[in-house]
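K.L.:
In our numbering, the protein residues as written are 11 to 214.
Heads up, the beta-carbon is just placed ideally off N, CA and C, and yes, glycines get one too.
Remember, predicted model here, so these are calculated numbers, not experimental data.
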């Protein structure tokens, strides 16, 4: 496996990722970027998409091939809020990552934003697949609007996590990462300037 080293060294949350699970990988470019850099200290990586393999774009299929060739594994039709349907308890991860989650709908659910509900369910689901001292990382746009949409602190409390910490997310740390939105091919990385990665750890 051929690795390259990015000289923009990762901040703490991107160091020693260990056994990694990626969720909601639209075009699999983030998985591809992670595996190309030894600085992240990845032991094993499973990347998942919500869509089935037949619905992937040509770019996503090419990235899937790259991930597989670098020793990663790509799984399809995986619901981030129902991980038990894909992974038994024998699958445990050091780091579970969800980049720019978005359900693609604004219709209220249970009187709340559907993205907030999705984050709550995802965190509950992810907790069952985390190793002891493992972390969940969620990256989102840094803005008052998205803070209100996701309400990460409230979601963490609801799902049984400690108060989350947030760290600036620098896309330049991840060469060739090209995020795409849920309902179109527009990238949040192009439309916005500031991003945060939120780190969640379960209550002891």
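Hey, would you say residue 136 sits closer than 7 Å to residue 106, going by beta carbons?
P.N.:
The answer is yes: Cβ separation under 7 Å.
K.L.:
Note down the Cα distance separating residue 41 from residue 28, rounded to an integer number of angstroms.
P.N.:
14 Å
K.L.:
In chain order, which continuous runs of the beta strand (DSSP E) of length 3 or greater are located wholly inside the region 97-180?
P.N.:
Counting whole runs of 3 or more residues, the region 97-180 contains the beta strand (DSSP E) stretches 103-109, 140-151, 175-178.
K.L.:
Rounded to a whole number of angstroms, what is the C-alpha to C-alpha distance between residue 217 and residue 93?
P.N.:
With the chain running from 11 to 214 in the structure shown, residue 217 is simply not present.
K.L.:
For residue 23, does the three-state DSSP call read helix, strand or coil?
P.N.:
helix
K.L.:
In this structure, what does DSSP give as the bridge partners for residue 206?
P.N.:
150, 178
K.L.:
Is residue 44 helix, strand or coil by DSSP?
P.N.:
helix
K.L.:
For a quick check, are the C-beta atoms of residue 101 and residue 59 less than 7 Å apart?
P.N.:
no
K.L.:
Out of 180, 182, 161, which one is the CA nearest neighbour of residue 173?
P.N.:
Nearest C-alpha to residue 173 among 180, 182, 161: 161.
K.L.:
Give the secondary structure of residue 192 by DSSP, where H, G and I count as helix, E and B as strand, and everything else as coil.
P.N.:
In this prediction, residue 192 has a pLDDT of 49, which is less than 50 and means its spatial position is unreliable; nothing more can be read from the coordinates.
K.L.:
Among all the DSSP beta bridges, which residues are the ones paired with residue 31?
P.N.:
Checking the DSSP bridge columns, you'll see residue 31 partnered with 56, 106.
K.L.:
Kindly give me the distance between the Cβ atoms of residue 186 and residue 43, rounded to whole angstroms, as I take these residues to be in contact under 8 Å.
P.N.:
5 Å
K.L.:
Provide the residue(s) that pair with residue 85 in DSSP beta bridges, ordered along the chain.
P.N.:
58
K.L.:
So, using beta-carbon positions, are residue 209 and residue 167 closer together than 7 Å?
P.N.:
Using a Cβ distance threshold of 7 Å, residue 209 and residue 167 do not count as a contacting pair.
K.L.:
Would residue 207 be called buried (16 or more neighbouring beta carbons within 10 Å of its own) or exposed?
P.N.:
buried
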